[in-house]
Every structure is written in C-alpha cells, then in structure tokens.
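**Student:**
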Amino acid sequence: MRESKAQDIKDKSLGKAFGFTLRRLRQDLGLSQESLGFESGYHRTYISLLERGQKSPSLQTIFTLSKALKIEPNMLIRQVESQNNEFLQNMKKDGD
Numbered sequence: 001m002r003e004s005k006a007q008d009i010k011d012k013s014l015g016k017a018f019g020f021t022l023r024r025l026r027q028d029l030g031l032s033q034e035s036l037g038f039e040s041g042y043h044r045t046y047i048s049l050l051e052r053g054q055k056s057p058s059l060q061t062i063f064t065l066s067k068a069l070k071i072e073p074n075m076l077i078r079q080v081e082s083q084n085n086e087f088l089q090n091m092k093k094d095g096d
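Residues in the sequence shown are numbered consecutively from 1, following this note's numbering.
#1: Alpha carbon to alpha carbon, what distance is there between residue 34 and residue 23?
#2: Specify the secondary structure class of residue 1 as computed by DSSP and reduced to three states.
#3: Examine the Cβ distances between the stretch 44-53 and the stretch 79-93 and report whether three or more of them are shorter than 8 Å.
#4: Return yes when the Cβ of residue 65 is within less than 9 Å of the Cβ of residue 82, no when it is not.
#5: For residue 42, does the three-state DSSP call read helix, strand or coil?
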C-alpha cells in the first residue's frame, strides 16, 4: 500500500531537518565532514548523505553522532523536531 502524499512530504521534511541540524551542529563545532566522520567512526560520504537527507540515521547512529557532536541524543532529536516543524510551517505557507 502506497503512503499518502502528505506522509511522503513529512518523511522528506524530517530527513531534511535532520540533515540541516547535523550540518549546523557540525559547523558550529568547526568540524569538517571528514573530521566528524573520524570522531564518530562513519565515512565522510555517509555524513554527507545524512546532511543532504538522502539517508536516514538509525538510533545507534543518532547516539554515536550525538557523542561526537558533544550533545545529548534527546537534545539532538529536539532540535531536529523544531527544525522539522519550521520546514513544515514554511511548506504550509508556500502552499497557501
């Protein structure tokens, strides 16, 4: 059964929000994708895919990246949620 268009949009915005938040936190620490990859044990290309919303992180990945970014996992999730809400609000405004 195919997901609804609204659910598809929400899923894409969540990936975009995670990537945006990951990139912002990484840059705030002055880390390159390669440096974050080294700190977390992930390859630079995987970090890039996450930041572009082309891959979704597992729970383990969220915890590992949080440690490398020096942030609690729940705070990372809260920031992603906040960013996602902002993206969805902007989409709603653009659709009106």
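We put the CB at the ideal spot given by N, CA and C, even for glycine.
**Tutor:** The relevant details are as follows:
#1: The residue you call residue 23 lines up with position 23 of the sequence shown. The residue you call residue 34 lines up with position 34 of the sequence shown. Between residue 23 and residue 34, the C-alpha separation is close to 12 Å.
#2: Taking the first residue of the sequence shown as position 1, residue 1 is located at position 1. Confidence at residue 1 is low in this model, with a pLDDT of 41, below 50, so the placement of that residue is unreliable and no value is reported for it.
#3: no
#4: Indexing the sequence shown from 1 puts residue 82 at position 82. Indexing the sequence shown from 1 puts residue 65 at position 65. No, they are not a contact pair.
#5: The sequence position of residue 42 within the sequence shown is 42, counting from 1. Residue 42 falls in the coil class under three-state DSSP.
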